[in-house]
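Worksheet: the structure to be examined is printed underneath.
In the UniProt record's numbering, the protein residues as written are 1 to 208.
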């Protein structure tokens with residue numbers, strides 16, 4: 001089923017929205033940590049000024065972007081690893097960044113890895129969730145359905161409402177700065193950079 005969701009026949013924008021509610025999990029020698037995806041950003045490759053592969057750029061660091069759909073692309077920013085899932089075919093370097101999770105399994109491990117930080121701040125950002133799950137550069141280039149870092153639809157949830165927003169942290173990119181290519185589970189408390197008044201404390205934004 002994940003192969004269908006991540007098919008290169010589908011648009012990256014469609015895939016990004018369908019990833020909301022899927023489960024991202026990482027198995028390590030310490031145990032399993034998993035969470036529901038609640039916040040993503042789509043990057044549209046060659047034409048997208050905010051994409052690393054804008055203009056068809058190719059470097060050794062970008063080789064994963066020119067790999068089959070479902071390949072993991074990881075890069076480092078300000079000392080943090082950021083996780084992306086490739087969505088295009090080998091000639092279409094597009095992908096989705098995973099920005100935030102709602103924890104499902106492995107809370108003890110999350111607490112250990114993110115100590116002394118507690119609560120939603122443990123996983124409500126792209127660099128935070130990679131640390132919480134134990135994601136490393138060794139996951140780069142692996143497939144999201146085959147290695148220790150996996151995406152699954154088992155126990156997936158469905159958003160009551162998907163909210164489209166501009167992506168975070170990409171100023172001076174012309175029209176691409178304000179394009180609404182970020183998608184979040186409306187009302188979920190684990191979305192990064194949101195006001196508390198927007199949180200739905202009854203359902204966390206999920207269909208019941």
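The beta-carbon is built from N, C-alpha and C at its ideal position, and this holds for glycine as well.
When the five nearest sequence neighbours on each side are left out, the beta carbons in the same chain lying within less than 6 Å of the beta carbon of residue 43 are those of 51, 95, in order along the chain.
Three or more pairs of CB atoms, one per stretch, sit closer than 8 Å, so the stretch 116-128 contacts the stretch 87-104. The beta carbon of residue 167 sits closer than 7 Å to the beta carbons of 41, 50, 181, 182 from its chain, once the five residues preceding and following it are set aside; these are given in chain order. Counting C-beta atoms within 10 angstroms of its own C-beta, residue 115 has fewer than 16 neighbours from the protein chains shown and is therefore classed as exposed.
CA-CA distance, residue 203 to residue 60, rounds to 43 Å. Three or more beta-carbon pairs separated by less than 8 Å are not found between the stretch 187-198 and the stretch 132-144, which leaves the two stretches without contact. The way I'd put it, the stretch 154-161 doesn't touch the stretch 106-114; fewer than three beta-carbon pairs between them come closer than 8 Å. Between residue 17 and residue 162 the beta-carbon gap is near 5 Å, inside 8 Å, which marks them as a contact. For residue 128, there is no enclosing beta strand (DSSP E); the residue is found in the alpha helix (DSSP H) stretching over 126-133. Annotated as distal: residue 130 and residue 62, with beta-carbon spacing of 8 Å or more.
Judged by DSSP in its simplified three-state form, residue 142 adopts coil rather than helix or strand. Per the coordinates, the alpha-carbon of residue 193 lies some 16 Å from the alpha-carbon of residue 205. Residue 176 and residue 126 have their C-alpha atoms some 20 Å from each other.
DSSP, reduced to helix, strand and coil, places residue 79 outside both helices and strands of the structure shown, so it counts as coil.
Taken through DSSP and simplified to helix, strand or coil, residue 15 comes out as helix. Put simply, the stretch 4-15 touches the stretch 87-94. At least three CB pairs are less than 8 Å apart. Here residue 72 is not near residue 20, since their CB atoms are 8 Å or more apart.
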